[in-house]
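*Asks:*
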Amino acid sequence: MKKLLIIAIASSLFMACDVKKEEKGELPEVDVDVDAEAGELPEYDVDWADVNVGTKTKMVEVPKVVIVMEEEEVEVPYLDVDMPDAGEKMERTLMVEAEVTDMEHELDITEIWAANNNLYVIAKLESTDKEIGDKKMRVSDQVSLNAPDLNVKYYIVGTKPDRVFNTQYDYLENTDELKKELNNPKVIYSR
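Just so you know, we're using our numbering here: the sequence shown kicks off at 4 and counts up by one.
1) Exposed or buried, what is TYR123 when buried is set at 16 or more other beta-carbons lying within 10 Å of its beta-carbon?
2) In angstroms with no decimal places, state the Cα-to-Cα distance between LEU185 and ASP179.
3) Considering only DSSP beta bridges, list what THR104 is partnered with.
4) Cutting at 8 Å between CB atoms, please list the residues of its own chain near PRO31, excluding the five before and the five after it.
5) Is GLU94 helix, strand or coil by DSSP?
6) What's the C-alpha gap between LYS133 and THR104?
7) Quick test of your reading: ALA101 and PRO164, contact by CB under 8 Å. State the CB separation rounded to the nearest angstrom.
8) Of the choices TYR192, SER147, HIS108 and LYS138, whose alpha-carbon is the least far from that of GLY161?
9) Considering only DSSP beta bridges, list what TYR172 is partnered with.
10) Considering only the alpha carbon of each residue, which of GLU94, GLU74 and LYS59 lies closest to SER147?
11) Please identify the residue among LEU82, VAL142, GLY28 and ASN120 whose C-alpha is closest to the C-alpha of SER193.
Structural data, given as structure tokens:
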């Protein structure tokens with residue numbers, strides 16, 4: 004049975020080729036004195052299948068994770084600030100965001116301070132007890148502001164998550180040092 008299988012495989016491989024005899028072969032001449040002339044094996048030109056390797060464009064189904072943002076009407080804190088001799092007011096959104104892993108977190112703007120024509124947005128980042136595994140999630144909070152063009156600085160009280168996204172804000176352990184540095188700024192918003 005094995006011999007038959009080997010013969011079948013060998014013959015199918017041989018039949019897949021286009022074999023052309025190029026030159027006649029001859030066997031070596033043997034003398035009884037054991038003197039022999041070198042023989043010559045026949046030459047064959049074997050044409051095998053041409054194989055071309057490349058790429059082509061093809062439509063395939065690929066799984067994608069999609070985050071859908073929907074507009075929804077919600078209550079957002081709104082501040083209207085009038086400053087003497089500050090010029091025209093404009094409305095804008097003050098927003099803080101953080102990207103976290105392992106546990107769900109809450110991020111809330113707790114206060115906004117005013118000092119020396121600057122606004123200081125203070126947010127608090129706290130972990131909850133809900134695990135999110137190896138996923139990452141973004142948390143955010145925002146306040147609408149109608150005020151003259153002011154410099155805005157953002158601070159988040161809490162442990163800075165180890166994600167590249169979180170480099171846009173300054174993280175603090177608490178606000179005591181910042182309050183001293185700003186000489187007790189005026190709190191214009193508190194949640």
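Cβ coordinates follow ideal geometry from the N, Cα and C atoms, glycine included.
*Replies:* Short version:
1) Working through the sequence shown from its first residue, we reach residue 123 at position 120. The residue is buried, with at least 16 neighbouring Cβ atoms inside 10 Å.
2) As a position in the sequence shown, residue 185 is number 182, starting the count at 1. As a position in the sequence shown, residue 179 is number 176, starting the count at 1. Computed Cα separation, rounded: 10 Å.
3) Counting from 1 along the sequence shown, the entry for residue 104 is found at position 101. Its beta-bridge partners are LYS139.
4) For the purposes of this step, residue 31 is taken as residue 28 along the sequence shown, with counting starting at 1. Result list for PRO31: ALA39, GLU40, ALA41 and GLY42, in chain order.
5) Start at 1 with the first residue of the sequence shown, and residue 94 comes out as number 91. DSSP places GLU94 in strand when its eight states are reduced to three.
6) The sequence position of residue 133 within the sequence shown is 130, counting from 1. The sequence position of residue 104 within the sequence shown is 101, counting from 1. Whole-angstrom Cα-Cα distance: 11 Å.
7) Here residue 101 refers to the residue found at position 98 of the sequence shown. Here residue 164 refers to the residue found at position 161 of the sequence shown. Contact holds; Cβ gap of about 6 Å.
8) For the purposes of this step, residue 161 is identified with residue 158 of the sequence shown, where counting begins at 1. Per the Cα distances, HIS108.
9) Locating residue 172 in the sequence shown gives position 169, where the first residue counts as 1. Its beta-bridge partners do not exist; DSSP assigns none.
10) As a first step, residue 147 must be located in the sequence shown, where it is residue number 144. Comparing Cα-Cα distances from SER147 to each of GLU94, GLU74 and LYS59, the minimum goes to GLU94.
11) Taking the first residue of the sequence shown as position 1, residue 193 is located at position 190. Cα-wise, what sits closest to SER193 is LEU82.
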